[in-house]
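Step one of this worksheet: look at the structure below.
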Amino acid sequence: MDTTPENSSLTSSATGQSEPVGSGVESSASSLLSLRDITKSFGAVQALRHVDLDIPAGQVTALIGDNGAGKSTLIKTISGIWAPTSGTMYWQGQGVQVHTPRDASHLGIATVYQDLALCDNLDVVQNMYLGRESTRAGLLDEITMELATTQTLKDLAVTSVKSVRQVVGSLSGGQRQAVAVARAVMRESKLVILDEPTAALGVTQTAQVLELIRTLSSKGIAVLLISHNLNDVFSVADRIAVMYLGTLVHHGPIANYDRNSAVEMITTGKSDRVPSSLASSN
Ligand SMILES: Nc1ncnc2c1ncn2[C@@H]1O[C@H](COP(=O)(O)OP(=O)(O)OP(=O)(O)O)[C@@H](O)[C@H]1O
Ligand SMILES: [Mg+2]
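The sequence shown maps to residues 124 to 405 in my numbering.
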C-alpha cells in the first residue's frame, strides 16, 4: 500500500522543505491518528480538501482557522458523524473506517461538542453513566458509579465540583465542561476532541479547563482542541494545525509559530514568518 502514513509522510518530507512543519517522518510514524487526503463535499461545497494531518499521542494539537474553514467538519469526520467523500484514516497505523460515533468511541475517540450534551436535570454521576449504567442483580449499582465518578474527577484534579450528586444544571460552565471531559475520559479515550471548550467561560473557569487539558496530555491522552482563542492555544498546545477554506495549510510544533504568524495564517492561509509551509495539494 502506498498510502500508509509512513509512506505518504516520506513523500511530503521529500518535497524539498529543509525544516518541515508538517507530517515529518517521525511524527507520523508515532501518530495515534493520521488522516490522508481526506475530502468532504456537501453538494457543491468542498468543506475539506485533501487534508493530511498527524495527531501524536499524549500531545495537544490545536486546530485553528476562520469561520467556515472546515474545523467542525473535520472533527465530525473523525468522530463518525460524516463519512469522508474520499481519503483514509489510520488509527495507530491501521487503516480504519469510522462510520458512526460508536465506531469512533470503540477506537478510543471521544468528542466533546460545544453544547456538551449533558442533561441538566440529572446529577453528575447520572450524566457520567448516561446510556451505559452499571447494574448489579438488575439494579443500578449506584455506589460503584459514584465512587468511579469521584475517582475520575480526582484523577483529573477537578476539585471545584463539590458533590457528584449535584444536578448538572446547577454547575458553572467550567464545571460542566469538566464533567463532559471526565465522561469522555472515563470511556478510556485515547483521543479527546474539544470543540471550543472555553468559548463561554470566564477567566478562572478557562484556566481550570486549560489545566484539565494539560492533565489529559500528561496522562498520555491526545487532545485535539478547536479554539478561536489564541491565548488558550499558545498556553496549552504542543502543535498547531491551521485550516483555510477547507485546506489544512500548515501544521507543526507550536515553537514554529507566534501570534502574528498564526493570525496571518488564519486570515490569509499563509505566512512568511513560519519556517516552512506544509506542501498542500489544494
Ligand atoms: N451540513 C452541512 N451542509 C452543507 N454545508 C455545510 C455543512 N456543514 C458545513 N458546511 C459548510 O462547510 C464549510 C465548513 O464549515 P465548518 O462548520 O466545518 O467550519 P468551521 O471551521 O467549523 O467554522 P466555525 O469557526 O464558524 O465553527 C462551510 O462552508 C459550511 O457552510
Ligand atoms: Mg465550527
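From the three backbone atoms N, C-alpha and C, an ideal C-beta is built for every residue, glycine too.
Taking DSSP as the reference, what is the three-state secondary structure of residue i?
i, result
"residue 397", "coil"
"residue 356", "helix"
"residue 318", "strand"
"residue 293", "helix"
"residue 392", "coil"
"residue 155", "strand"
"residue 384", "helix"
"residue 362", "strand"
"residue 240", "coil"
"residue 162", "strand"
"residue 235", "strand"
"residue 127", "Bear in mind that a pLDDT of 44 at residue 127, under 50, signals an unreliable position, so the number given afterwards is only what the model happens to contain. Residue 127: coil per DSSP, three-state reduction."
With hydrogens ignored, establish whether the beta-carbon of residue i is closer than 7 angstroms to any heavy atom of ligand 1.
i, result
"residue 366", "yes"
"residue 210", "no"
"residue 254", "no"
"residue 190", "yes"
"residue 329", "no"
"residue 165", "yes"
"residue 218", "no"
"residue 170", "yes"
"residue 202", "no"
"residue 341", "no"
"residue 195", "yes"
Quick one: measure Cβ to Cβ for residue i and residue j, integer angstroms, because I've assumed they're closer than 8 angstroms.
i, j, result
"residue 314", "residue 178", "7 angstroms"
"residue 241", "residue 290", "Contact doesn't hold; Cβ gap of about 10 angstroms is too wide."
"residue 327", "residue 321", "Not a contact, Cβ separation roughly 11 angstroms."
"residue 318", "residue 235", "7 angstroms"
"residue 308", "residue 248", "Between residue 248 and residue 308 the Cβ distance is about 15 angstroms, and since that is not below 8 angstroms, they are no contact."
"residue 336", "residue 201", "With a Cβ gap of about 18 angstroms, residue 336 and residue 201 do not count as contacting."
"residue 198", "residue 349", "7 angstroms"
"residue 364", "residue 374", "4 angstroms"
"residue 339", "residue 332", "At roughly 11 angstroms, the Cβ-Cβ gap does not stay under 8 angstroms, so residue 339 and residue 332 are not in contact."
"residue 214", "residue 163", "Not a contact, Cβ separation roughly 18 angstroms."
"residue 160", "residue 218", "Not quite, the Cβ-Cβ distance comes to about 12 angstroms (not below 8 angstroms), so this is no contact."
Please confirm whether any heavy atom of ligand 2 lies closer than 7 angstroms to the CB of residue i.
i, result
"residue 393", "no"
"residue 283", "no"
"residue 257", "no"
"residue 277", "no"
Using DSSP bridges, identify the partner residues of residue i.
i, result
"residue 347", "184 and 316"
"residue 373", "365"
"residue 226", "Residue 226 pairs with nothing; no bridge assigned."
Minimum length 4: unbroken alpha helix (DSSP H) runs contained in the stretch 252-280: 265-278
- request: Return the chain-ordered ranges of every beta strand (DSSP E) run that is complete within the stretch 169-224 and spans a minimum of 3 residues.
  value: 183-188, 209-214 and 217-219
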